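Asker: Under my numbering, the sequence shown has 674 at position 144, and the numbering climbs by one with no breaks. I have a structure I would like to understand better, so I am pasting it below and will then ask my questions one at a time.
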Amino acid sequence: MATTTTKAKKVSVKLLVDTKSKRVLFAEAEKDFVDFLFHLLHLPIGTVARLLAKQPLVGSLGNLYESVENLNETHFQSNQTTKDSLLKPKVVPSSATQVPLLSLYGAEKMIYTCPDNGTINFDSYDKYNPTHFHPYVADHASGAFCPICRKTLSKVMQYVAAAGEGGFVKEKVTFMVMDDLVVTPISPMSKISSITVLSKLNVKDVGALEEMVVDFGMAEGLNLLKASLNTKKVLTSVFLGNAAADNQKKRKHDGPTVDIL
């Protein structure tokens, strides 16, 4: 089960660990953790590069990001915030993107409109004389002008998300997250499912299995993002790596358990 700790923006994730081979077999997770994983697919490449800028990256993505960062503003288009849009790309807000654990990728997207775009009385609205209604928006406060009055679109609009739970998956569903981030809903026949998974993972010694509950927050999220780009042993890397062993608080359960689902 994964539970949310709102104040610290962390969740608790239950792992099944093979202590003999020193690997995480799978995690039992609910909405909050799975929403985090799915949201990684929603992040722009520029955001990924920025989040991992202080960590060594495999390949040349980090070099590309640093090149844009170091390039003088005079080399970019002057009529729009091109450099900033590359270094800090924004995701169009929606109820799906409201993942509590994911305040880690930047501030909420701002939307701007014309300062003269006020409240409209639609009973007296004349579509042939729309000068009192300036329905234009932009995602930055400079370089965009109202086609009617030519004023800069600088008035901040309030974004209201659609009603719903937010995130991507539904509440009250438990998922199995494998070491390589394969995510599947857990079937009602959980014990059979666990035995099947252990068989597929070639687990020989059930006595070496240990259930572990770990905290998952921003630091672990960044480590998971990086690991997902470099290895298929993501959960093992994040929760059983040297850094994780030093920084992660592990709460072990008494005795090995196999059918934790």
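Heads up, the beta-carbon is just placed ideally off N, CA and C, and yes, glycines get one too. Owing to the predicted nature of the structure, the values given are computational and were not obtained by experimental measurement.
1) Just to confirm the assignment, what range does the beta strand (DSSP E) spanning residue 714 have?
2) Only counting the same chain, and skipping five residues up and downstream in sequence, which positions put a Cβ closer than 7 Å to that of residue 708?
3) With a 10 Å radius around its C-beta and 16 neighbouring C-beta atoms as the bar for buried, classify residue 605 as buried or exposed.
4) Any idea what DSSP makes of residue 768, helix, strand or coil?
5) As a quick exercise: from 562, 567, 756, pick the residue whose alpha carbon is nearest that of residue 579.
6) Which residues bound the beta strand (DSSP E) around residue 703?
7) Among 542, 546, 539, 613, whose alpha-carbon lies nearest the alpha-carbon of residue 738?
8) Count Cβ pairs between the stretch 699 to 706 and the stretch 564 to 576 that sit closer than 8 Å; are there 3 or more?
9) Excluding the five sequence neighbours on either side, which residues of its own chain have a C-beta within less than 7 Å of the C-beta of residue 714, listed in chain order?
10) Measuring straight from C-alpha to C-alpha, what distance separates residue 759 and residue 586?
11) To which residues of the same chain is residue 761 closer than 6 Å at the C-beta, ignoring the five residues directly before and after it?
12) Starting from the C-beta of residue 710, find all residues in its chain whose C-beta is less than 6 Å away, skip the five residues before and the five after it, and write them out in chain order.
13) Among the candidates 724, 562, 560, 575, whose CA atom is the shortest distance from the CA of residue 590?
14) Who are the Cβ neighbours of residue 668 in its own chain at under 6 Å, not counting the five residues just before and after it?
15) In whole angstroms, what separates the C-alpha of residue 677 from that of residue 688?
16) Does any residue of chain C bring its CB to less than 8 Å from the CB of residue 544?
17) Helix, strand or coil for residue 546 per DSSP?
18) Please tell me whether residue 542 and residue 764 are closer than 8 Å, where the distance is taken between their beta carbons.
Answerer: In brief:
1) The residue given as residue 714 occupies position 184 in the sequence shown. Element bounds for residue 714: 713 to 715.
2) As a position in the sequence shown, residue 708 is number 178, starting the count at 1. Non-local beta-carbon contacts of residue 708 in its own chain, meaning distances under 7 Å to residues more than five positions away in sequence, involve 556 in chain order.
3) Against the sequence shown, residue 605 aligns to sequence position 75. Counting Cβ neighbours within 10 Å, residue 605 comes out exposed, since fewer than 16 surround it.
4) Sequence index remark: in the sequence shown, residue 768 carries index 238 (1-based). Residue 768: helix per DSSP, three-state reduction.
5) Position 49 of the sequence shown, counting from 1, holds the residue named residue 579. Ranked by Cα distance from residue 579, the first of 562, 567, 756 is 756.
6) One-based indexing of the sequence shown puts residue 703 at position 173. Unbroken run through residue 703: none, as it is neither H nor E.
7) By 1-based counting over the sequence shown, the position of residue 738 is 208. With distances taken between Cα atoms, residue 738 lies closest to 546.
8) Three or more Cβ pairs closer than 8 Å define a contact, and the stretch 699 to 706 meets that threshold against the stretch 564 to 576.
9) Position 184 of the sequence shown holds residue 714. Apart from the 5 residues on each side of it in sequence, residue 714 sits with its Cβ closer than 7 Å to the Cβ of 705, 706 in its chain, given in chain order.
10) Within the sequence shown, numbered from 1, the residue matching residue 759 stands at position 229. Within the sequence shown, numbered from 1, the residue matching residue 586 stands at position 56. Their Cα atoms are separated by approximately 12 Å.
11) Numbered from its first residue, the sequence shown carries residue 761 at position 231. Scanning its chain for C-beta atoms nearer than 6 Å, with the 5 sequence neighbours on each side dropped, one finds around residue 761 the residues 767, in chain order.
12) If you number the sequence shown from 1, residue 710 lands on position 180. For residue 710, where only same-chain residues beyond five positions count, the Cβ hits under 6 Å are 762.
13) As a working note, residue 590 is residue 60 in the sequence shown. Comparing Cα positions, the closest option is 575.
14) Residue mapping note: residue 668 aligns to position 138 of the sequence shown, counting from 1. If you ignore the 5 residues before and after residue 668, its C-beta comes within less than 6 Å of the C-beta of 642, 674, 683, all in its own chain and listed in chain order.
15) Counted from its first residue, the sequence shown places residue 677 at position 147. Counted from its first residue, the sequence shown places residue 688 at position 158. Roughly 21 Å between the two C-alpha positions.
16) The structure shown has no chain C; it contains just one protein chain.
17) Residue 546 sits at position 16 when you count from the first residue of the sequence shown. Strand at residue 546.
18) By 1-based counting over the sequence shown, the position of residue 542 is 12. By 1-based counting over the sequence shown, the position of residue 764 is 234. Cβ distance not < 8 Å, so residue 542 and residue 764 don't count as in contact.
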